[in-house]
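Participant: I'd like to ask some things about the structure below.
Protein chains: 2
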Amino acid sequence: MSKSRPADMTPDEFKQWGHQFIDWVGEYLAHPERLNVLSQIEPGDIRRQLPVLPPQQPESMSEVLKDLGNIIVPGLTHWNHPDFFAYFPNTGSGPGILGELVCAAFNVNGMVWRTAPAATELEEHVLGWLRDLIGLSKTFKGIVHDTASISTFHALVAARETIRERNVRDEGIGGPDAPRLRMYASEQAHSSVEKGAMAIGIGRRGLVKIPTDPEFRMDPAALDAAIRRDLDDGWRPFCVVATVGTTSTTSVDPVPAIADICEKYGLWLHVDAAYAGSAAIVPEFQYILDGCDRADSLVTNPHKWLLTPVDFSAFYCRRPDILRRAFSLTAEYLTTAEGEEVTNAMDYSLQLGRRFRALKFWMVIRYFGVDGLRDVIREHIRLGKHFASLVKLDNRFEIVAPVPFSSVCFRLRGGDAENQSLIDRVNATGKIFISHTRLNEKLTIHFTVGNLRTTEDHVDAAWQLIQGLVRNR
Amino acid sequence: MSKSRPADMTPDEFKQWGHQFIDWVGEYLAHPERLNVLSQIEPGDIRRQLPVLPPQQPESMSEVLKDLGNIIVPGLTHWNHPDFFAYFPNTGSGPGILGELVCAAFNVNGMVWRTAPAATELEEHVLGWLRDLIGLSKTFKGIVHDTASISTFHALVAARETIRERNVRDEGIGGPDAPRLRMYASEQAHSSVEKGAMAIGIGRRGLVKIPTDPEFRMDPAALDAAIRRDLDDGWRPFCVVATVGTTSTTSVDPVPAIADICEKYGLWLHVDAAYAGSAAIVPEFQYILDGCDRADSLVTNPHKWLLTPVDFSAFYCRRPDILRRAFSLTAEYLTTAEGEEVTNAMDYSLQLGRRFRALKFWMVIRYFGVDGLRDVIREHIRLGKHFASLVKLDNRFEIVAPVPFSSVCFRLRGGDAENQSLIDRVNATGKIFISHTRLNEKLTIHFTVGNLRTTEDHVDAAWQLIQGLVRNR
Numbered sequence: 001m002s003k004s005r006p007a008d009m010t011p012d013e014f015k016q017w018g019h020q021f022i023d024w025v026g027e028y029l030a031h032p033e034r035l036n037v038l039s040q041i042e043p044g045d046i047r048r049q050l051p052v053l054p055p056q057q058p059e060s061m062s063e064v065l066k067d068l069g070n071i072i073v074p075g076l077t078h079w080n081h082p083d084f085f086a087y088f089p090n091t092g093s094g095p096g097i098l099g100e101l102v103c104a105a106f107n108v109n110g111m112v113w114r115t116a117p118a119a120t121e122l123e124e125h126v127l128g129w130l131r132d133l134i135g136l137s138k139t140f141k142g143i144v145h146d147t148a149s150i151s152t153f154h155a156l157v158a159a160r161e162t163i164r165e166r167n168v169r170d171e172g173i174g175g176p177d178a179p180r181l182r183m184y185a186s187e188q189a190h191s192s193v194e195k196g197a198m199a200i201g202i203g204r205r206g207l208v209k210i211p212t213d214p215e216f217r218m219d220p221a222a223l224d225a226a227i228r229r230d231l232d233d234g235w236r237p238f239c240v241v242a243t244v245g246t247t248s249t250t251s252v253d254p255v256p257a258i259a260d261i262c263e264k265y266g267l268w269l270h271v272d273a274a275y276a277g278s279a280a281i282v283p284e285f286q287y288i289l290d291g292c293d294r295a296d297s298l299v300t301n302p303h304k305w306l307l308t309p310v311d312f313s314a315f316y317c318r319r320p321d322i323l324r325r326a327f328s329l330t331a332e333y334l335t336t337a338e339g340e341e342v343t344n345a346m347d348y349s350l351q352l353g354r355r356f357r358a359l360k361f362w363m364v365i366r367y368f369g370v371d372g373l374r375d376v377i378r379e380h381i382r383l384g385k386h387f388a389s390l391v392k393l394d395n396r397f398e399i400v401a402p403v404p405f406s407s408v409c410f411r412l413r414g415g416d417a418e419n420q421s422l423i424d425r426v427n428a429t430g431k432i433f434i435s436h437t438r439l440n441e442k443l444t445i446h447f448t449v450g451n452l453r454t455t456e457d458h459v460d461a462a463w464q465l466i467q468g469l470v471r472n473r
Numbered sequence: 474m475s476k477s478r479p480a481d482m483t484p485d486e487f488k489q490w491g492h493q494f495i496d497w498v499g500e501y502l503a504h505p506e507r508l509n510v511l512s513q514i515e516p517g518d519i520r521r522q523l524p525v526l527p528p529q530q531p532e533s534m535s536e537v538l539k540d541l542g543n544i545i546v547p548g549l550t551h552w553n554h555p556d557f558f559a560y561f562p563n564t565g566s567g568p569g570i571l572g573e574l575v576c577a578a579f580n581v582n583g584m585v586w587r588t589a590p591a592a593t594e595l596e597e598h599v600l601g602w603l604r605d606l607i608g609l610s611k612t613f614k615g616i617v618h619d620t621a622s623i624s625t626f627h628a629l630v631a632a633r634e635t636i637r638e639r640n641v642r643d644e645g646i647g648g649p650d651a652p653r654l655r656m657y658a659s660e661q662a663h664s665s666v667e668k669g670a671m672a673i674g675i676g677r678r679g680l681v682k683i684p685t686d687p688e689f690r691m692d693p694a695a696l697d698a699a700i701r702r703d704l705d706d707g708w709r710p711f712c713v714v715a716t717v718g719t720t721s722t723t724s725v726d727p728v729p730a731i732a733d734i735c736e737k738y739g740l741w742l743h744v745d746a747a748y749a750g751s752a753a754i755v756p757e758f759q760y761i762l763d764g765c766d767r768a769d770s771l772v773t774n775p776h777k778w779l780l781t782p783v784d785f786s787a788f789y790c791r792r793p794d795i796l797r798r799a800f801s802l803t804a805e806y807l808t809t810a811e812g813e814e815v816t817n818a819m820d821y822s823l824q825l826g827r828r829f830r831a832l833k834f835w836m837v838i839r840y841f842g843v844d845g846l847r848d849v850i851r852e853h854i855r856l857g858k859h860f861a862s863l864v865k866l867d868n869r870f871e872i873v874a875p876v877p878f879s880s881v882c883f884r885l886r887g888g889d890a891e892n893q894s895l896i897d898r899v900n901a902t903g904k905i906f907i908s909h910t911r912l913n914e915k916l917t918i919h920f921t922v923g924n925l926r927t928t929e930d931h932v933d934a935a936w937q938l939i940q941g942l943v944r945n946r
């Protein structure tokens, strides 16, 4: 045995460094107020501090810890921070962080059952728990992806596979006798739906954006009309994506009516509930998924609102046979003795590699309990509505969309320039981070409560900060 | 402020539990010999031990730790184990594990520069280090994906975008005047290439599998002939995937000759170097990427051979403008003030969500140093060749492919049944894990050295175990 071969940390060294890293993380989490939530650095500031060449010789982990504090932390926008109100905030909770630690130590690849049986079975099990909690029927099979973009992409590929007049898996969608495919989503659907259309090869013109009602929900009559028009024009409709909790206003598309239309025309119905789906674990909010049991697939992201570190997107499919037809392809070197009694995850996804993501979600559910998770959602929705009530008291502002969850869309009465300037001044403080959207062609401020450690005090202080930065007119 | 709202661990609780989890992981890593490397459980064994319903109330993390030891560990195949010789082994090294810990605590989403500047810049920086180490020119732009499957998928979508006679991004590849697209890879290419063809909508028939030479390398003359035949038949060739380190035999396709052909016909050249690309960081092995500088894209996976926990796939593209044309789509709510001076990762990938994966790779490089990483690769290749030399001494066996890296393909002289039976008996011991493939229509044993802690003693013991299980004839 060569004696000069490089070695990993010994178990004792791992424990020593591990304790130091844990303590460092504990301090990071303990003092968010010391940090600018939105990084105030300039482009290139990080790279300027990094050596041009990688180290030839080993460096001490204490140097790494120093650089984490001196270079990385000031260069990050701190998502795991109670004053992060932009986009959809998330939470890397304690049990979730420790789950990632253990996942990396196991370092398994659950591509097939036998390469990590517990990873496959725990994934199926916790996704079953979540499915039951949000009220979907047991006909849905769950699989974890990294992001909702990838979950939705898998839905679209499966939907494309249902076209009866063509064997898409083998023949593809091109060629002289190829149908011109069309799918539908509302104007408020997430950009990943359009990216998915591009990725699967139907192009941007293959997606029809359906108008929404004044509350930014898809108009089912307009959907029906668009499909009929396309059929008349020789298009081949194959899929509708409904959204439960749109990115801008968290609006909920009328899924029951959309499901009727999908049934009428024989179209795949995919539901993007990436953000709001988590709220359905709360009994009094379960109605938001009404009609979703008739969908063919649905995605919701526990890494958004269920305290699980990114990445963890839960994808459910009621027609796993179609998903499998679209994605299964077993190379000889991947054949295993286990038959149909096990799930080989690779048969249902484009990726072969699959880390043990279920571990962190399992640990989060156990640490907080279902009641705890429900209370977190309830509290965030309460805080969102509380924030909206504060905005309503100030006549300089207007709320421009309903507040069904914890997101508030509001704006200064006035032009885009004034709103942009306010947003810029707020974010330049580094104290809170808010984002924007555009509604009815007007620049709008988007404020969402979603980090576990955000309290009413944080929300009140955020509002005071915003109010204080309005310029007198 | 509601007092009953659920709370995360306090920083002190996080530290206490964190220390316990670190110690647990340290013990897990310290005693691999106590574990069956290939799990010996039966399908359903894990789920039977899990409660049907999720816990309503919080549970103690000490219960979780107990279940990790009692349920999860016996139910895993232990990839992070020195006796794992199947597929391509990997390593969750100490610094890599701690990197994932910190990543989960930051929990940032680097979808655009401003949402995590340090994540974007560190990713660009360490991928620049790796690009230089493997000898690619600086014209390649790097981006991290979860798996090589997804990296290759991005390459194929970009390649599809180069078809001049069509605006694929907008119009897709379907419809009556659509070209019939064809891409090419060797018979030994990874299944993700064919899955990619299915995903992008050209179907399995859109991929032509080119025969290989006796050493399982793509035959360039056959490639050229296939392209010419397809052109005559009205197909539209657009892409070739070459492999550096095939999955079965780690063969290296003749990239320079393939690059010539791609230039001749104007085809995108993607190189799948998922496993073997890492070896190019060693100066004496850098030649394996000869010709790859002429490729349009290349993927190599540090989570395979560079001690980085899954997932970490490095994707390089020499035509980032095309990648961007294929994938960029900026929703209003994602616009930011920073202009072309920064990279917004979402413009180059299907996924919007992006965790801070560069952190772990950065920590691995710093902990081991470039010299250390090179020595690991050298040692694994030495051990692979050492294993091959042992096999050669035993006349009952034959080696059926060259051993350019650390993978050895060999078989008992005899039929498939005897080889299958030997593999089954070896793996049933739980002591080592080996996999299989099929070469020249014969079942073949696949043995790869690739875990950091694998020593010559482990390799010798593995060979003795295999020899000892050969049935006398």
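Taken in order, these protein sequences are the chains called A and B.
For the first sequence, counting from 1, position 348 maps to 348 in the numbering used here; every step adds exactly one.
Numbers given in the numbering used here equal positions in the second sequence, counted from 1, plus 473.
From the three backbone atoms N, C-alpha and C, an ideal C-beta is built for every residue, glycine too.
1. State the start and end residues of the unbroken beta strand (DSSP E) segment that holds Cys103(A).
2. Among the candidates Ile200(A), Arg205(A), Gly174(A), whose CA atom is the shortest distance from the CA of Ala326(A)?
3. Determine the direct distance from the alpha carbon of Val255(A) to that of Leu267(A), and round the result to whole angstroms.
4. Return no unless some Cβ of chain B is closer than 7 Å to the Cβ of Leu181(A).
5. Gln464(A): buried (16+ other C-beta within 10 angstroms of its C-beta) or exposed?
6. Check each candidate in Asn553(B), Ser535(B), Gly583(B) and name the one with the smallest Cα separation from Trp79(A).
7. Measure the CB-CB distance between Ala589(B) and Leu122(A) and report whether it falls below 7 Å.
8. Please report the Cβ distance between Pro43(A) and Val815(B), rounded to the nearest whole angstrom; I am assuming they are in contact, meaning their Cβ atoms lie under 8 Å.
9. Counting only Cβ-Cβ distances shorter than 7 Å, please list the residues of the stretch 341-359 of chain A near chain B, keeping chain order.
10. Note down the Cα distance separating Phe883(B) from Pro74(A), rounded to an integer number of angstroms.
11. From Leu680(B), Val681(B), Arg690(B), pick the residue whose C-alpha is nearest to that of Ile761(B); which is it?
12. When the Cα atoms are used, what is the spatial distance from Ile134(A) to Ala279(A)?
13. Could you tell me whether the Cβ of Lys614(B) comes closer than 7 Å to any Cβ of chain A?
14. Let me check one thing: in DSSP terms, what residues is Glu871(B) bridge-paired to?
15. Using a C-beta to C-beta distance shorter than 7 Å, which residues of chain B count as neighbours of His19(A)?
16. Which bits of chain A does His859(B) rub up against, with CB to CB less than 8 Å?
17. Check each candidate in Met671(B), Arg767(B), Gly679(B), Leu925(B) and name the one with the smallest Cα separation from Ala715(B).
18. What residues are listed by DSSP as bridge partners for Ser659(B)?
19. Could you spell out where the beta strand (DSSP E) holding Lys138(A) opens and where it closes?
20. In chain order, what residues of the same chain have a beta carbon less than 6 Å from the beta carbon of Thr809(B), not counting five sequence neighbours either side?
21. Please work out which residues of its chain come closer than 7 Å, Cβ to Cβ, to Arg378(A), disregarding the five sequence neighbours upstream and downstream, and give them in chain order.
22. Please report the residue range of the beta strand (DSSP E) in which Val233(A) lies.
23. Report the residue from Pro484(B), Arg828(B), Pro568(B) whose alpha carbon sits nearest the alpha carbon of Pro11(A).
24. Measuring alpha carbon to alpha carbon, tell me which of Met198(A), Phe312(A), Gly172(A) ends up nearest Met183(A).
25. Let me know if Asn509(B) comes out buried or exposed under the rule of 16 or more other beta-carbons within 10 Å of its beta-carbon.
26. Quick one: is Asp705(B) buried, meaning 16 or more other Cβ sit within 10 Å of its Cβ, or exposed?
27. Against chain B, does Arg34(A) count as a neighbour if the rule is that its beta carbon must be under 7 Å from one of theirs?
28. Compare the beta carbon distance of Lys360(A) and Asp496(B) with 7 Å and say whether it is the shorter of the two.
29. Is the Cβ of Pro524(B) closer than 7 Å to any Cβ of chain A?
30. Less than 6 Å between C-beta atoms, sequence neighbours within five positions excluded: which residues of the same chain meet that for His31(A)?
31. Using the rule of at least 16 other Cβ atoms within 10 Å of the residue's Cβ for burial, across every protein chain shown, is Val240(A) buried or exposed?
32. Three or more C-beta pairs under 8 Å: does that hold for the stretch 648-663 of chain B against the stretch 214-228 of chain A?
33. Against chain B, does Thr247(A) count as a neighbour if the rule is that its beta carbon must be under 7 Å from one of theirs?
34. So Gly92(A) contacts chain B; which residues on that side make the cut at Cβ distance below 8 Å?
35. Report buried or exposed for Pro649(B), applying the criterion of at least 16 other Cβ atoms within 10 angstroms of its Cβ.
36. Would the beta-carbon of Gln522(B) fall within 7 Å of that of Ile544(B)?
Facilitator: Result, derived from the coordinates:
1. Note, Cys103(A): premise wrong, no beta strand (DSSP E); alpha helix (DSSP H) at 94-106.
2. The candidate whose alpha carbon is nearest that of Ala326(A) is Ile200(A).
3. Between the C-alpha atoms of Leu267(A) and Val255(A) there is a straight-line separation of about 14 Å.
4. Interface residue (Cβ-Cβ distance to chain B less than 7 Å): Leu181(A) is classified as such.
5. Counting the other Cβ atoms within 10 Å of the Cβ of Gln464(A) gives fewer than 16, which makes it exposed.
6. Checking every option, the nearest Cα to that of Trp79(A) belongs to Gly583(B).
7. The Cβ-Cβ distance between Ala589(B) and Leu122(A) does not fall below 7 Å.
8. That pair is a contact at about 5 Å.
9. Sequence-ordered contacts of the stretch 341-359 of chain A with chain B read Glu341, Val342, Leu350, Gln351, Leu352, Gly353, Arg355 [C-beta pairs closer than 7 Å].
10. The alpha-carbon atoms of Phe883(B) and Pro74(A) are separated by roughly 53 Å.
11. If we check each option's Cα against that of Ile761(B), Arg690(B) comes out closest.
12. Answer to the nearest angstrom: the Cα atoms are 8 Å apart.
13. With its beta carbon at least 7 Å from every one in chain A, Lys614(B) lies outside the interface.
14. Glu871(B) pairs with Arg884(B).
15. By Cβ distance, chain B contributes His492, Ile495.
16. Annotation: His859(B) has no Cβ neighbours in chain A at a cutoff of 8 Å; minimum Cβ distance is about 11 Å.
17. Nearest to Ala715(B) by alpha-carbon distance, out of Met671(B), Arg767(B), Gly679(B), Leu925(B), is Arg767(B).
18. Ser659(B) is bridged to Ile683(B).
19. Where Lys138(A) is concerned, there is no enclosing beta strand (DSSP E), because DSSP gives it neither an H nor an E.
20. Correct list, in chain order: Val585, Arg587.
21. Only Val282 meet the Cβ criterion.
22. Residue identity check: residue 233(A) is Asp in the sequence provided, not Val. Premise fails: Asp233(A) is in no beta strand (DSSP E) and is neither H nor E.
23. Considering only alpha carbons, the answer is Pro568(B).
24. Of the candidates Met198(A), Phe312(A), Gly172(A), the one whose C-alpha sits nearest the C-alpha of Met183(A) is Met198(A).
25. Label assigned to Asn509(B): buried.
26. Per the 10 Å Cβ criterion, exposed.
27. No, Arg34(A) does not count as interfacial toward chain B.
28. In this structure, Lys360(A) keeps its C-beta atom at 7 Å or more from the C-beta atom of Asp496(B).
29. By the rule that beta-carbons nearer than 7 Å mark a contact, Pro524(B) does not touch chain A.
30. Cβ within range, chain order: n/a, list empty.
31. Burial is judged here by how many other beta carbons sit within 10 angstroms of a residue's own beta carbon; Val240(A) has at least 16 and is buried.
32. No: fewer than three Cβ pairs fall under 8 Å.
33. At least one C-beta of chain B is nearer than 7 Å to the C-beta of Thr247(A).
34. What Gly92(A) touches in chain B: Ala577, Ala578, Phe579, Asn580.
35. Around the CB of Pro649(B), fewer than 16 other CB atoms lie within 10 Å, so the residue is classed as exposed.
36. Yes. Within cutoff.
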